[in-house]
Structures are given as structure tokens and as C-alpha cells.
Amino acid sequence: MSDADGAWVSLFSGGKDSSWALYRALENGLDVRRLVTVHPTDDSYMYHVPATELTALAAESIGIELIDVDPGDLEAGAAADSSVQGDAELEPLEAALETVDGELDGGIAGVIAGAVESEYQTSRIERMCDRLGCELFAPLWQKEPRTLAESMLEAGFEIVLVQVAAHGLDESWLGRTLDRDALAELEALNEEYGVHVLGEGGEFETLVVDAPHMDRRIDLEYDTEWERTRGSIRVTDAQLSHKR
12 MSDADGAWVS LFSGGKDSSW ALYRALENGL DVRRLVTVHP TDDSYMYHVP
62 ATELTALAAE SIGIELIDVD PGDLEAGAAA DSSVQGDAEL EPLEAALETV
112 DGELDGGIAG VIAGAVESEY QTSRIERMCD RLGCELFAPL WQKEPRTLAE
162 SMLEAGFEIV LVQVAAHGLD ESWLGRTLDR DALAELEALN EEYGVHVLGE
212 GGEFETLVVD APHMDRRIDL EYDTEWERTR GSIRVTDAQL SHKR
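Using the numbering used here, you'd call the opening residue of the sequence shown number 12 and step up by one each time.
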């Protein structure tokens, strides 16, 4: 792969972090030709899990071709060892990127990732990029969480919570827009329960339904599913519509 030529590929879940990383890459003039979504079926150490089926709509709105990656079945024993599972989860992504590298003129120049604080994820992605001979662009890495959230809102991101799993986050948070009032409440929950403002500990997952780099917004209809202390939305209908 060449870092002088070629194009960029963005790891994309539809959530706020990967969406912001993509947006910042486009703002920086990177030539992004593919979005890549891995679709885990169960809990994952490496990837955002809920509502990844909606990345097709997001990619259509953004106007960049989407590559879907099936994570496959983990080898026996992998799920019992976080290190082994993380490596196993990365293999189908790396294989998909090798295929994309052969398809793009000049190959892949670099990979864009929305990692914020997870050394577990970032170290594996860095090693993957080293093996592939390309760069890594991770604009959120080790940035102050509240500052990142404020930047997303100031840019015009509309962010919806699609899953919650933490003390202080009840069913009323499902489908809620992550606005400044919600951020203030999350900061209070951080002080009381240790809830991460960006959900880095798995406290919540999000979907970006509108942003400046999307030419149409995603309209959702959904039911909520709640069990004891955690829940998620189950999307019953989703479609692109003209911006309000």
C-alpha cells in the first residue's frame, strides 16, 4: 500500500465516534472512498453492536460506498479470553481491507477510526495498519470527552441513544437526543456513578441521524426493549428524508 497515493477507508458503525472521525477526515481533505461496517451478532470487544444495519442508510446519505463485513463465528474459547477474542474479531476486518486495497487505485492510504480511550481497540487497529502498510487517522484519540461532545453538537450532529446499560440511565434515555441538557445530566451521572460522558465504558451506544456531511437525515420509528437495568431500541422502520 502507498501512503502517498491511494484512498482512505473509514471504520463506520453509524455511532457518534466513528461518524465524527469520518467528518473530521473529510474536513481535513482526506480522500475517503469506502466506509466499512462490521456487524457483530453478540457482545463485542472491538466493535459497536446495536443498529449497525442502519449504516446502509447513513452511507447513502453521506454518498460513500459501504462495505459490510460479517464477523463470522469465533473459535472455541475465544470469547473466554478478551485478548484472543479481540484478535479473532479483527481478522475478518483485515481480510476485507486487503480486498479493498486491491480494488482501489493506489490501494489504501489509511484507515480512519473513532477510538477515544480504548487502548485495547486502538493498539489492535494500529498493528493492523502496520501489517497493511497504511496510516491511521484517529482524531478523537485521548481528547477530552466533554470537549468532543460539545464539538459534535456545535457542528450540527443529531445524536440519538439506541442502547443504555448503566446505573442512572433508565428507559427514558432510549431514543433520547444527546443535546446539551443530556450532556449536563451525564456529567452529573459521571460524578454520582462514574458514567462516562461519551459512553466509553459501554454505558450507552448512539446513532447519528443527521450531520453536515449527510445530505438527508435518518427518520426512525422504533419500540423500546428493557430488561432489568439495560435496554435498547428495536427499529421498526427507518428511511431517509429531506432535512428540516
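Just so you know, even glycine gets a beta-carbon here, dropped at the ideal spot from N, CA and C. All of these numbers come straight from a predicted model, not from anything done at the bench.
Near G74, what residues of its chain come up, given a Cβ to Cβ distance below 8 Å and the 5 sequence neighbours on each side ignored?
Looking up residue 74 in the sequence shown gives position 63. Taken in chain order, the residues that qualify are D226.
Using the Cβ count rule (16 or more neighbours within 10 Å means buried), how would you classify G121?
Indexing the sequence shown from 1 puts residue 121 at position 110. By the 10 Å Cβ count, G121 comes out buried.
Flag this pair as yes or no: are the beta carbons of L218 and V173 separated by less than 8 Å?
On the sequence shown, residue 218 is found 207 positions in, with the first residue counted as 1. On the sequence shown, residue 173 is found 162 positions in, with the first residue counted as 1. Judged by beta-carbon spacing, V173 lies within the 8 Å limit of L218, meaning their Cβ atoms are closer than that value.
Looking only at its chain, what residues have a beta carbon closer than 7 Å to the beta carbon of T197, apart from the 5 residues adjacent to it on each side?
The residue given as residue 197 occupies position 186 in the sequence shown. The question names Thr, but residue 197 is Leu in the sequence shown. Exclusion of the five residues before and after L197 leaves V206 and V208 as the residues of its chain whose Cβ lies within less than 7 Å of its Cβ.
Selected residue, minimal CA-CA separation from L200, among D192, G210 and G179:
As a working note, residue 200 is residue 189 in the sequence shown. Of the candidates D192, G210 and G179, G179 places its Cα closest to the Cα of L200.
DSSP three-state call for L185: helix, strand or coil?
Walking along the sequence shown from the start, residue 185 turns up at place 174. Note: L185 maps to coil in three-state DSSP.
The segment 160-169 in contact with the segment 136-148 per 3-pair CB rule at 8 Å:
Fewer than three beta-carbon pairs drawn from the segment 160-169 and the segment 136-148 are found closer than 8 Å, and the two stretches are therefore not classed as touching.
Using a Cβ-Cβ distance cut-off of 8 Å, determine whether F23 contacts chain E.
As a matter of chain content, chain E is missing from the structure shown, which is built from one protein chain.
Report back the beta-carbon spacing between V43 and A32 to the nearest angstrom; my notes put them in contact at under 8 Å.
Looking up residue 43 in the sequence shown gives position 32. Looking up residue 32 in the sequence shown gives position 21. Their Cβ separation, rounded to whole angstroms, is 10 Å, which puts V43 and A32 out of contact at 8 Å.
Collapsed DSSP secondary structure at V49 in the structure displayed
As a first step, residue 49 must be located in the sequence shown, where it is residue number 38. In the structure shown, V49 sits in a strand (DSSP, three-state: E or B).
Status (buried if at least 16 other CB within 10 Å, exposed otherwise) for R191:
Here residue 191 is taken as the residue at index 180 of the sequence shown, counted from 1. Around the Cβ of R191, a 10 Å sphere holds fewer than 16 other Cβ atoms; the residue is exposed.
How is the beta strand (DSSP E) around I7 delimited, first residue to last?
Within the shown structure, residues of the chain are numbered from 12 to 255, placing residue 7 beyond reach of any answer.
If you measure between the beta carbons of F215 and W237, is that distance less than 8 Å?
Stepping through the sequence shown from its first residue, residue 215 is reached at position 204. Stepping through the sequence shown from its first residue, residue 237 is reached at position 226. No. Outside cutoff.
Round the Cβ separation of L77 and T48 to the nearest angstrom and send it over; I've been treating them as touching at under 8 Å.
Residue numbering aside, residue 77 sits at position 66 when the sequence shown is read from its first letter. Residue numbering aside, residue 48 sits at position 37 when the sequence shown is read from its first letter. That belief holds up - the Cβ atoms of L77 and T48 are roughly 6 Å apart, short of 8 Å.
Three-state secondary structure (DSSP) of G118
In the sequence shown, counting from the first residue as 1, residue 118 sits at position 107. It is coil, neither helix nor strand.
Which of the three DSSP states, helix, strand or coil, is assigned to W19?
Counting from 1 along the sequence shown, the entry for residue 19 is found at position 8. In the structure shown, W19 sits in a strand (DSSP, three-state: E or B).
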